[in-house]
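Under our numbering, the residues of the sequence shown are numbered 454 to 1554, in order.
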Amino acid sequence: MSAPLSELLRLNSSGGTALQEEMQELERDLLDVGLQAEPRSCCAALSEEQAKQIRLMTASEQSPVLEAICHCLDEHSKLAGGGQLLTSEDSPIQNLMKFLYLDPQRAKEKPVRPGAPGVRGHGPGEEVPDPPPGLVSPVRPPAGGHRAGHGLGVHLAPGGGVGHAGAPGPHPLPEVGPAGRPGVGPRPALEMGQQHLPAVLRANGHARQGEDPALGGQHSLAHGVLLLQQQPRSARPPFLTLRLLCSRPRGQDETLKGSFLSAAMMLARSLRQEPGTQNYRFSQIPELVQCLLCVLQQEPNFPGSVFRQKAILVIAELSKLRPHLKPLVKARVLHVCFRSVFELPPADPQAAPEVTTLYKETLCALHLLLRTFLSEDMGVNEVCFLLQHTEPWLRSDRSHERQRVVQCIFRLLQYVVDSLKFAVSALHSGLGEDSGQEGAMPSALGHHVGLLTLLWCDKEETTRKYSQQCVTLLLQLTVLQRAGRMAVSMRLSKLKQSEIRASRDWEVKLYSAVKAFERDLTVAQHTQLVLTLLPGLCSHSRLSCDLASKLLLLMFEGPGLKPEQVAEVLQSLFQQLPHIPLPHVQQDAMRAVTVLGTQHPQETVEVVLSLCHPSERRTLPLWKALATNHQLACKVITLLYMKLKLRPPRGLTRPSSQTQLISLLALGTIYELLYTQEYRQTIHWAFAGILLGLLTQLHYLFELGVVEDVADYQEDILDSKPLSPFRTCLEAVKGLFWTTSYWEVFAYIQLLQGWALLERPDTYGEGVSLLARAMVQYDCEVKAVLGQAVISLKSMEERDNVVAILLLTEFLNSAEVFQQASRKKMDTLLNLGLGHCNQLVRAMSLKGLSSTTMHPKKVFLLRNRLAGLLDSFLRPDTKDLLGLMGILGDILHRLGLQGAGSASIKLAQHLLSLFEDEREEVRSGAIFLFGDVIDSGSRKFRQAFKTLAFQAVVPLLLHMADPCPTVVTKSKSTLLRCALLLKWEFRKELFGKLAWGRGPGAENDIFVYMVESNFGKYPQFLLQALVYLKSPHRPLKLAAMKFIGALLQDYFPELCFYLRKGDLPVIKRYLEPLEQDPDAACRRFYRNFVEDITELSRSVT
454 MSAPLSELLR LNSSGGTALQ EEMQELERDL LDVGLQAEPR SCCAALSEEQ AKQIRLMTAS
514 EQSPVLEAIC HCLDEHSKLA GGGQLLTSED SPIQNLMKFL YLDPQRAKEK PVRPGAPGVR
574 GHGPGEEVPD PPPGLVSPVR PPAGGHRAGH GLGVHLAPGG GVGHAGAPGP HPLPEVGPAG
634 RPGVGPRPAL EMGQQHLPAV LRANGHARQG EDPALGGQHS LAHGVLLLQQ QPRSARPPFL
694 TLRLLCSRPR GQDETLKGSF LSAAMMLARS LRQEPGTQNY RFSQIPELVQ CLLCVLQQEP
754 NFPGSVFRQK AILVIAELSK LRPHLKPLVK ARVLHVCFRS VFELPPADPQ AAPEVTTLYK
814 ETLCALHLLL RTFLSEDMGV NEVCFLLQHT EPWLRSDRSH ERQRVVQCIF RLLQYVVDSL
874 KFAVSALHSG LGEDSGQEGA MPSALGHHVG LLTLLWCDKE ETTRKYSQQC VTLLLQLTVL
934 QRAGRMAVSM RLSKLKQSEI RASRDWEVKL YSAVKAFERD LTVAQHTQLV LTLLPGLCSH
994 SRLSCDLASK LLLLMFEGPG LKPEQVAEVL QSLFQQLPHI PLPHVQQDAM RAVTVLGTQH
1054 PQETVEVVLS LCHPSERRTL PLWKALATNH QLACKVITLL YMKLKLRPPR GLTRPSSQTQ
1114 LISLLALGTI YELLYTQEYR QTIHWAFAGI LLGLLTQLHY LFELGVVEDV ADYQEDILDS
1174 KPLSPFRTCL EAVKGLFWTT SYWEVFAYIQ LLQGWALLER PDTYGEGVSL LARAMVQYDC
1234 EVKAVLGQAV ISLKSMEERD NVVAILLLTE FLNSAEVFQQ ASRKKMDTLL NLGLGHCNQL
1294 VRAMSLKGLS STTMHPKKVF LLRNRLAGLL DSFLRPDTKD LLGLMGILGD ILHRLGLQGA
1354 GSASIKLAQH LLSLFEDERE EVRSGAIFLF GDVIDSGSRK FRQAFKTLAF QAVVPLLLHM
1414 ADPCPTVVTK SKSTLLRCAL LLKWEFRKEL FGKLAWGRGP GAENDIFVYM VESNFGKYPQ
1474 FLLQALVYLK SPHRPLKLAA MKFIGALLQD YFPELCFYLR KGDLPVIKRY LEPLEQDPDA
1534 ACRRFYRNFV EDITELSRSV T
């Protein structure tokens, strides 16, 4: 028996109904028209087993099966030359029923509910009622008058009925054979109100019966529609069949489904056969299509289903009618059809041939549907519309789904390309006309190329092969669509070039593909291609990750991206980076960023700046990738510096948008890069420009008024909250010195609490001057910064002039000042500053003109003045010590590197004696000036200053316990300056403890750094500390006991070795009074270490 009949028997034996004869006929017609499907054979004989199955069926189940068998016998009789068919009394179905031992009367029973409207038959004299008005919407009236059996009027009216055009009254029925095939002979009409069917349905075969309780028994779909028309419009749903189909559980009532499909297929066939159908509009086709989609959704997940194929075929036919389906309806159709076909189980090699045939024909029906949609617009836009609905299955985790969808896409693209090739060939032969306009090239095509390209590494060979062919076809499609006014011969030659080179070498093939992408895709399409490949980096498949990374690298390194592509590509890559699972793929992605930055540095920097706020640090990997080579890193820093200078005036900025200023984003980025190892060398290279940029940015933030309260920020407390713009800028200035080799400048300012001067507008100038003074002291990029300052002095911005003059005035005390600019040029610049509108610029210009650098003769005068003041300072009865120390310090500063000569040594010696003055302010001033003196000495007196610095080390250490906070601050600063002069080890670590150390741990570390850096000097340290045992300040006395106790405990053997015999009486003279000291701590100290002193005495003697 034929495959369809076997399927009918299978369905009926499980409780369902098979499709009827007209469905088979229409299927053959549609397949013949659209797909050249091979017609089914219908001349097989019934087996005994099949006959037994039919006998066991109910009457409603036997009816469609017998009708199908009857049709097979009719066809067989015609082919055998039997001539005219037998009469109804001796028809094949009657003989077949006798052969099957069935009761003929049983098959004639019509369980119709009496009195049902629209079911009662009309006699020959009864008038057929006219259909309700408004069922036809003709575009234009057909030529000629009314004629019998006019099929143009059939459409689905808004009320849900089926009507026809033509004159009122009955229409004679033409004698048309089964399924509308002439020559087969008339068939007896059924006794079920056949007169109620529309003309087209009546002219093309009777409706099959279906059992449904909602219709009151066994009715055709057409009867149900007529019943629906007679109900009030407000009381009926838009489409009864949709309600009936969707309200039933899946797998139930196959009879209703078969009856509906039978009527829908007859309707589709009738409309297709009528040549004037396109003159009418069928307003309820979308609702009928929705019903068919319900059928598809309720189909079991079985490849041998008949209903799936039939429903898709009917949808394809209905889609040809006017008006065409709207994009939303099309999208729904494509989604349901693709899901119904692509998500079927994998092909079973053991499946019956009938199941395989049905599945193949279902694929053919799906292709016919796609061709139908393409017939509306054979262009790239429509192709992209169809392809976009295949994406869920192209990304599927199931290999058989990917294989099916790729094969489907290949057939579709092959059809489109062949059609367009024919059109181009016809134009080349002079058979067609060129429109002279280029076809639209949607960017989505690049997305589809990317999806198919990612399948080149699929584990299934079939999928790999078809995906490669699909990409080639898509590229050919772009060439054909983009031809425009191009010569036809050139079009055909480009079409041949668009084929991806076939090669066994995978790398060569990928390179060929990349070249084809660059050549044939537009910029927008190429961008979409890259954006589609980027998520492939995050695939769980190693092969997909490798393929995506290789293609992206080839695209970036080879042809490269256009500037307009950078933004979208970098934004997408930034989103994918956290999800890339493989380390080597992450490295490839960073290499791609490096290449992109090399080709388009400005665009790359701008995009990375906009990706997120710098404080989030999520863009750091991108910035690191841009620092893989020094030249690119220099470009990045230069671009950031230029962005930093984009400072709009306060009147042009809103407070709500100030944090998003490009200048502040560049500031935050520079701050982060200061602490990035990859940029250390580049930061050092750009030190001068960055410093002036940051200092100017501080001034700009004062102008914007975004300076927060200083008390709100605590430096030594870690906080996850991002820094404010002003705090970020100030910390960037600090970090610029700390992260380079100029940490001494940072330490100098930090220990003097000079950074606080930069936090207020009124002390900003003083803070910049102090910073410049420290830079001169420690030779910190003076020449380079001076060069930048000279440039800034010529700027039109006032804030640039302020910063430049503050730096330049202090740099005049440096020996390198005239290596950058001549004395004459400096004099010109300073004289120009005298006429500046800013008062600070005028004042600092005058100060610079009066410096010893501009007037060397002043050095002799200042030294003489210093000698006279020193005599007054050394007198014991001097009253205004603080005033004298201030004047002496100012003269030392003005002398600069020239120094005060031998007078400075006398000054330093006298300052040492003032460390123990009872007045806090004197102690503080003496300690600070001592540090200035030892730093101002020339090389001639360097050794003498080292000796003085060594003598001051222990007193300075002990004064860190001074009850006056100012004395403590100055002591720490001067101690570090002594350590730098003496070139101790662990100087940077010492500064860390001095600046941020707290508690006994920090004190012990400072003690270790000092002692270990002065090997063999332990007795000197001991003798210096003994003096403070008689200090009137108890904190200093306790600090001295701690220091002495640590020396005796930790360095006792060294003391025994280096201590001289003459030192023992001195030690005893200072320790013995502690035995009778009223302070309990002193007595306890004596008792604890008296034995050590005794042992030390025995060892030394």
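Cβ atoms here follow ideal geometry from the backbone N, Cα and C, with glycine treated the same way. Quantities reported herein were computed from a predicted structural model and do not represent experimental measurements.
For the 7 Å CB-CB criterion, V858 and L847 form a contact. The shortest CA-to-CA distance from G1378 to any of S1389, T1422, A1353 is the one to T1422.
The beta-carbon distance between S1466 and E1438, rounded to whole angstroms, is 5 Å. This is short enough to meet the 8 Å contact definition.
In this structure Y964 is not in contact with L904, their Cβ atoms being roughly 21 Å apart against a cut-off of 8 Å. Below 8 Å, too few C-beta pairs join the stretch 1188–1203 and the stretch 1340–1360 to call them touching: fewer than three. Assigned with DSSP and collapsed to three states, Y1481 falls in helix. Restricting attention to E1131, G1104, L1144, P1102, the CA atom closest to the CA of L1120 is found in L1144.
With a contact defined as Cβ atoms closer than 8 Å, W1138 and L1000 miss out at about 39 Å. Under DSSP, Y1523 takes part in no beta bridge, so it has no partner. Counting C-beta pairs with one atom in each stretch, the stretch 1012–1023 and the stretch 912–931 have fewer than three that are closer than 8 Å, which means they do not touch. Cβ-Cβ distances below 7 Å link G1384 to S1426, T1427, R1430 in the same chain, with the five nearest sequence neighbours on each side left out; the list follows chain order. In this structure, the straight-line span from the alpha carbon of H979 to that of A1141 is close to 42 Å. By the C-beta density criterion, T1192 is buried, having at least 16 other C-beta atoms within 10 angstroms.
For secondary structure counted as the beta strand (DSSP E) over 3 or more consecutive residues, the stretch 1169–1193 holds no complete run.
Within the model, the alpha-carbon separation for E971 versus G1050 is close to 19 Å. Here DSSP, grouped into helix, strand and coil, assigns Y1124 to helix. Of the candidates D1232, L1126, L1204, the residue whose Cα lies closest to the Cα of A1185 is L1126. Here the alpha carbon of A818 sits roughly 6 Å from the alpha carbon of L766.
In terms of Cβ geometry, K1441 and D1458 do not form a close pair [threshold 7 Å].
Contact check between the stretch 825–844 and the stretch 804–813: fewer than three CB pairs, one atom from each, fall below 8 Å, which does not count as touching. Per DSSP, the continuous alpha helix (DSSP H) segment holding W1449 begins and ends at 1440–1449. Judged by DSSP secondary structure, N1284 falls within the alpha helix (DSSP H) whose first and last residues are 1276–1286. Looking only at S1063, L1085, Q1024, the smallest Cα-Cα distance to Q1052 is reached by L1085. When secondary structure is reduced to three states using DSSP, Y733 falls in the strand class. Contact annotation, C923 with L866: C-beta distance approximately 6 Å; criterion of less than 8 Å satisfied. Rounded to whole angstroms, the gap between the alpha carbons of M1297 and F1190 is 25 Å.
CA-CA distance, L1482 to Q1203, rounds to 31 Å. The three-state reading of DSSP puts W1138 in helix, counting H, G and I together. With fewer than 16 other Cβ atoms inside 10 Å of its own Cβ, M1249 counts as exposed. By a beta-carbon distance limit of 8 Å, P1054 contacts V1089. Their separation comes to about 7 Å. By the C-beta density criterion, V789 is buried, having at least 16 other C-beta atoms within 10 angstroms. Residue nearest to P780 within the set I1123, M894, H842 is H842 (criterion: CA-CA distance).
About 12 Å separates the CB atoms of V1294 and L1260; that is not less than 8 Å, and the two are not in contact. For a cut-off of 8 Å, the C-beta gap from V1060 to L1093 is around 13 Å, too long to register as a contact. Distance from the CA of V1255 to the CA of H1032, rounded to the nearest whole angstrom, comes to 48 Å. Taking C-beta atoms as the reference points, Y1124 and R1252 fail to come closer than 7 Å.
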